[in-house]
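UniProt numbering numbers the first residue of the sequence shown as 1 and each following residue consecutively.
Even for Gly, the Cβ is constructed at its ideal location relative to N, Cα and C.
First up is the structure itself, then whatever we jot down about it.
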Amino acid sequence: MKKSNFIIPLSFIVHILIINLTLYAYTPETYLNGYSILYYNLTWLITTYSLNFYPTARRDGFMSNFKSFVILFIIYGLVYFTSFVFFGMYSYKPMYLVLVYLLICFLLTLFRVLFYWAKNLYRTKGYNSVSVVVIGKDKNLQKLRRIFDNPEFGYRYMGYFDNVKSNSPSCLGDIESSFNYIFENNVEEVYCMASKLSKAEIQYLMKIADNSLKRIKIIPDNKELFSRAMSLELYGAVPILNLRASPLDLDYSNLIKRIFDVLFSSMIILFILSWLIPIVFILMKIDSKGPLFFKQQRHGVNRDIFWCYKFRSMTKSTTSDTQMATKNDVRVTRLGRILRNTSIDELPQFFNVLMGDMSVVGPRPHMVVHTQQYESSVDKYLVRHFLKPGITGLAQIQGCRGEIVNRSDIVNRVRYDIFYMEKWSLALDAKIVFLTVYNALKGEERAY
Numbered sequence: 001m002k003k004s005n006f007i008i009p010l011s012f013i014v015h016i017l018i019i020n021l022t023l024y025a026y027t028p029e030t031y032l033n034g035y036s037i038l039y040y041n042l043t044w045l046i047t048t049y050s051l052n053f054y055p056t057a058r059r060d061g062f063m064s065n066f067k068s069f070v071i072l073f074i075i076y077g078l079v080y081f082t083s084f085v086f087f088g089m090y091s092y093k094p095m096y097l098v099l100v101y102l103l104i105c106f107l108l109t110l111f112r113v114l115f116y117w118a119k120n121l122y123r124t125k126g127y128n129s130v131s132v133v134v135i136g137k138d139k140n141l142q143k144l145r146r147i148f149d150n151p152e153f154g155y156r157y158m159g160y161f162d163n164v165k166s167n168s169p170s171c172l173g174d175i176e177s178s179f180n181y182i183f184e185n186n187v188e189e190v191y192c193m194a195s196k197l198s199k200a201e202i203q204y205l206m207k208i209a210d211n212s213l214k215r216i217k218i219i220p221d222n223k224e225l226f227s228r229a230m231s232l233e234l235y236g237a238v239p240i241l242n243l244r245a246s247p248l249d250l251d252y253s254n255l256i257k258r259i260f261d262v263l264f265s266s267m268i269i270l271f272i273l274s275w276l277i278p279i280v281f282i283l284m285k286i287d288s289k290g291p292l293f294f295k296q297q298r299h300g301v302n303r304d305i306f307w308c309y310k311f312r313s314m315t316k317s318t319t320s321d322t323q324m325a326t327k328n329d330v331r332v333t334r335l336g337r338i339l340r341n342t343s344i345d346e347l348p349q350f351f352n353v354l355m356g357d358m359s360v361v362g363p364r365p366h367m368v369v370h371t372q373q374y375e376s377s378v379d380k381y382l383v384r385h386f387l388k389p390g391i392t393g394l395a396q397i398q399g400c401r402g403e404i405v406n407r408s409d410i411v412n413r414v415r416y417d418i419f420y421m422e423k424w425s426l427a428l429d430a431k432i433v434f435l436t437v438y439n440a441l442k443g444e445e446r447a448y
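This is how it looks when you write it as structure tokens:
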């Protein structure tokens with residue numbers, strides 16, 4: 001699904017700039033106290049996150065979060081006024097501080113109005129659109145059409161499929177023909193009317209979604225119950241079940257994860273790789289011929305290909321893009337064995353994290369040839385590509401790493417990756433990072 005991933009970070013940055021520049025201009029004493037700056041910005045981050053202030057759904061309008069908008073200004077107003085007492089800044093008259101805060105509220109509201117105006121104008125011109133089809137026709141179709149046909153929401157409605165023949169130009173054929181149509185026309189979102197589909201058809205659509213990197217959403221009726229993790233969304237008055245729901249479907253959660261990735265990777269690069277790279281370079285030149293870094297194409301989020309970087313741990317080989325490292329692999333150099341046993345060879349991937357190709361925590365990226373092999377032989381394998389790949393992950397701390405010897409090795413990795421996707425939290429990321437460091441220090445049997 002197409003997303004304007006820059007919108008939420010941009011909004012957040014502009015809001016922070018408005019707050020800080022206004023305070024700097026009208027209450028400069030604030031900026032003589034570093035703690036107060038941290039206080040203002042951190043409380044804004046926590047408050048907006050708690051209220052889900054930033055819109056995350058394509059269908060959100062200006063007034064959709066009006067209640068959160070008012071509550072945010074009340075809470076942040078308390079934060080603002082108590083800060084002057086808390087940090088001992090008594091040189092401003094109360095009425096002056098009220099006017100400054102009202103100016104902040106006005107500027108934030110003005111930006112929000114301009115933001116929605118620009119976004120709606122952008123979408124009405126046909127940009128940032130998502131192609132959708134509906135499988136099955138019932139009373140909810142017309143309600144959905146009102147959502148899809150609104151140019152401000154950015155949907156491109158292609159038509160519907162139903163076993164009842166119709167002369168309507170929006171009827172694209174029967175339900176069976178929808179499967180090929182979805183692939184041939186690169187449909188991004190599929191909406192299914194559960195009341196018009198058999199249990200077998202629903203299960204088949206679920207299988208297609210899991211194994212073809214398609215997002216499928218179900219409009220339920222009272223007869224259908226689903227056991228897998230999913231989320232309920234409302235399109236106007238129409239309830240929609242989103243299969244493979246993840247906390248990271250929310251743009252704000254993605255922003256929090258990205259901030260963590262940038263800060264953590266920057267610290268590793270500045271405080272570890274800055275001195276480690278020269279040392280590894282010297283040792284590598286003594287140990288074996290070849291470049292310092294090894295790069296290889298891997299599949300990332302949405303199956304996009306990127307260059308994954310490592311410290312070179314093997315001699316040059318024609319099988320490096322097809323064969324995984326095995327125990328006592330003759331291709332591994334003396335220094336490479338140390339790097340691999342301690343997982344130091346993976347550290348250059350923090351550059352991948354900083355560039356946005358990877359995350360600190362996520363499903364491990366596999367070789368392109370292995371993705372092509374497993375996507376057709378391992379059920380739900382492609383589900384893991386809804387997330388950015390990670391330097392470490394839940395599967396790795398559970399011992400599912402290294403060589404894939406039998407089918408259960410890859411099946412268990414997929415199972416852990418899907419669990420991580422559905423249960424993500426920043427606390428879970430922190431726990432995985434801690435256990436990764438702990439395991440690396442104590443040594444891992446399958447790190448070779």
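Just to confirm, are residue i and residue j a CB contact at a threshold of 8 angstroms?
i, j, result
"serine 212", "glutamate 422", "no"
"glycine 159", "serine 170", "yes"
"leucine 97", "phenylalanine 84", "yes"
"proline 220", "alanine 194", "yes"
"glutamate 184", "serine 131", "no"
"leucine 263", "phenylalanine 12", "no"
"lysine 295", "cysteine 308", "yes"
"aspartate 138", "lysine 196", "yes"
"valine 361", "aspartate 429", "yes"
"serine 178", "phenylalanine 153", "no"
"glycine 300", "lysine 380", "no"
"isoleucine 410", "tyrosine 438", "no"
Tell me, to the nearest whole angstrom, how far the beta carbon of residue i is from that of residue j; I am working on the premise that it is less than 8 angstroms.
i, j, result
"isoleucine 8", "aspartate 251", "4 angstroms"
"isoleucine 397", "isoleucine 432", "6 angstroms"
"isoleucine 175", "lysine 214", "Between lysine 214 and isoleucine 175 the Cβ distance is about 16 angstroms, and since that is not below 8 angstroms, they are no contact."
"histidine 385", "arginine 303", "5 angstroms"
"threonine 48", "tyrosine 54", "6 angstroms"
Going by other Cβ atoms of all chains shown within 10 Å of its Cβ, with 16 needed for buried, is residue i buried or exposed?
i, result
"glycine 136", "buried"
"glutamine 142", "exposed"
"methionine 267", "exposed"
"tryptophan 44", "buried"
"threonine 124", "exposed"
"serine 274", "exposed"
"serine 359", "buried"
"leucine 205", "buried"
"alanine 395", "buried"
"leucine 225", "Residue confidence for leucine 225 is low, a pLDDT of 47 falling below 50, so the modelled location carries little weight; the figure read from the coordinates is stated next. Label assigned to leucine 225: exposed."
"lysine 285", "exposed"
"lysine 207", "exposed"
"tyrosine 24", "exposed"
"leucine 42", "exposed"
"lysine 403", "Reading off the sequence shown, one finds glutamate at residue 403, where the question assumed lysine. By the 10 Å Cβ count, glutamate 403 comes out exposed."
"glutamine 349", "buried"
"lysine 223", "Confidence at lysine 223 is low in this model, with a pLDDT of 49, below 50, so its placement is unreliable and no value can be given for it."
"asparagine 52", "exposed"
"asparagine 352", "buried"
Provide the residue span of the alpha helix (DSSP H) that contains residue i, from first to last.
i, result
"histidine 385", "Taken as a continuous stretch (DSSP letters only), histidine 385 belongs to no alpha helix (DSSP H), as it is neither H nor E."
"asparagine 341", "334-341"
"serine 166", "Segment: none, serine 166 is in no alpha helix (DSSP H) and carries neither H nor E."
"isoleucine 240", "Premise fails: isoleucine 240 lies in the beta strand (DSSP E), 238-243, not in any alpha helix (DSSP H)."
"arginine 112", "94-124"
Could you tell me the alpha carbon to alpha carbon distance between residue i and residue j, rounded to whole angstroms?
i, j, result
"tryptophan 424", "leucine 248", "7 angstroms"
"isoleucine 305", "isoleucine 391", "16 angstroms"
"lysine 93", "phenylalanine 81", "11 angstroms"
"phenylalanine 434", "arginine 258", "18 angstroms"
"serine 320", "valine 332", "11 angstroms"
"lysine 327", "asparagine 412", "20 angstroms"
"tyrosine 40", "isoleucine 277", "38 angstroms"
"lysine 2", "asparagine 128", "Low confidence applies here, because lysine 2 scores a pLDDT of 49, under 50, leaving its location unreliable and the question unanswered by this model."
"serine 265", "isoleucine 147", "41 angstroms"
"serine 50", "leucine 78", "16 angstroms"
"glutamate 445", "proline 363", "20 angstroms"
"asparagine 140", "isoleucine 240", "10 angstroms"
"glutamate 310", "valine 70", "It is worth fixing the name first, because residue 310 is lysine in this sequence and not glutamate. Going from the Cα of lysine 310 to the Cα of valine 70 covers about 49 angstroms."
"lysine 119", "lysine 442", "51 angstroms"
"leucine 102", "isoleucine 19", "11 angstroms"
"valine 280", "asparagine 341", "15 angstroms"
"leucine 108", "tyrosine 116", "12 angstroms"
Which residue comes first and which comes last in the beta strand (DSSP E) that contains residue i?
i, result
"residue 498", "Residue coverage of the chain in this structure runs from 1 to 448, which leaves residue 498 outside it and unanswerable."
"isoleucine 135", "130-135"
"serine 198", "Run containing serine 198: none; DSSP gives neither H nor E here."
"serine 359", "359-361"
"arginine 407", "From DSSP, arginine 407 is part of no beta strand (DSSP E) but of the alpha helix (DSSP H) over 407-423."
"lysine 310", "305-311"
"arginine 146", "Per DSSP, arginine 146 belongs to no beta strand (DSSP E); it is in the alpha helix (DSSP H), 140-148."
"glutamine 398", "Counting along the chain, glutamine 398 falls outside any beta strand (DSSP E), and DSSP gives it neither H nor E."
Would you check whether the ligand MN has a heavy atom nearer than 7 angstroms to the C-beta of residue i?
i, result
"asparagine 211", "Although the ligand MN was asked about, the structure shown includes no ligands whatsoever."
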